[in-house]
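Residue numbers (our numbering): 1 to 250. Using N, Cα and C, we set each Cβ at its ideal position, and we do this for glycine too. Shown next, in structure tokens, is the structure this report addresses.
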């Protein structure tokens with residue numbers, strides 16, 4: 001039986017999601033397919049033959065795909081990747097979270113719904129501690145709350161197995177497997193937590209303690225899969241990431 005840490009991932013229902021229920025799996029599959037194929041190709045690439053700008057581009061590309069993995073896991077937490085099949089939805093979320101950084105999906109699920117139920121409070125695991133509000137202080141506190149020893153051990157074991165058993169070059173592992181999720185965590189935190197949830201000068205204006213960035217649709221997509229439209233996400237948590245622009249413009 002699927003465990004959800006006593007939290008129902010879907011607490012809302014909408015006509016929008018019902019009409020788009022089949023697209024979630026297709027989009028998630030596309031992101032995962034691009035990520036795994038890109039990773040396999042890059043890990044077997046002779047980095048010495050790539051120009052510096054080429055290396056920078058593919059690192060940023062891989063970072064973008066890692067962010068897509070996490071966004072897929074996030075949407076699964078809201079039950080909108082595969083609404084017709086909760087068990088499959090849970091499995092997709094679990095795989096995406098594990099591939100991103102050996103995260104426990106069950107643990108993420110519990111923390112994420114605490115964030116939605118108690119945004120901007122002491123019970124919100126995504127919020128600062130009311131003392132360390134600067135970007136880096138808040139970011140390191142954020143990482144401390146989500147990263148654990150088990151993930152560190154898993155990372156070390158996987159790295160050494162890939163290097164010594166599969167003979168993947170260490171440089172490739174660092175450039176295309178280690179650095180991208182680190183950059184992605186900064187991207188997700190900055191555009192999906194810090195900017196939306198930091199307190200405005202005039203104070204918060206809604207119960208979600210959030211605000212949306214005013215980036216155009218394309219820039220919002222490449223920065224964080226539309227999660228700059230964060231007030232819309234909190235107002236409509238049953239809407240998948242790729243429909244947030246429609247909600248914002250409605």
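Straight-line measurement puts the Cα of residue 44 at about 31 angstroms from the Cα of residue 190.
Boundaries of the alpha helix (DSSP H) harbouring residue 33: 23-43, taken from the DSSP string.
Between residue 59 and residue 180 a beta carbon distance of about 6 angstroms is seen, short of the 8 angstroms cut, so the two are scored as contacting. Around the beta carbon of residue 80, a 10 Å sphere encloses 16 or more other beta carbons of the protein chains shown; the residue is thus reported as buried. Contact annotation: residue 234 and residue 205 have beta-carbon atoms that are not nearer than 8 angstroms. By the criterion of a C-beta distance shorter than 8 angstroms, residue 194 is surrounded in its chain by 135, 138, 139, once the five residues flanking it on both sides are discounted.
Put simply, of 172, 171, 28 the residue whose alpha carbon is nearest the alpha carbon of residue 95 is 28. The DSSP-derived three-state label of residue 165 is coil.
Bounds of the alpha helix (DSSP H) holding residue 245 are 244-248. Excluding five sequence positions before and after residue 228, the CB atoms of its chain that fall closer than 6 angstroms to its own CB belong to 191, 213, 215, 220, given in chain order.
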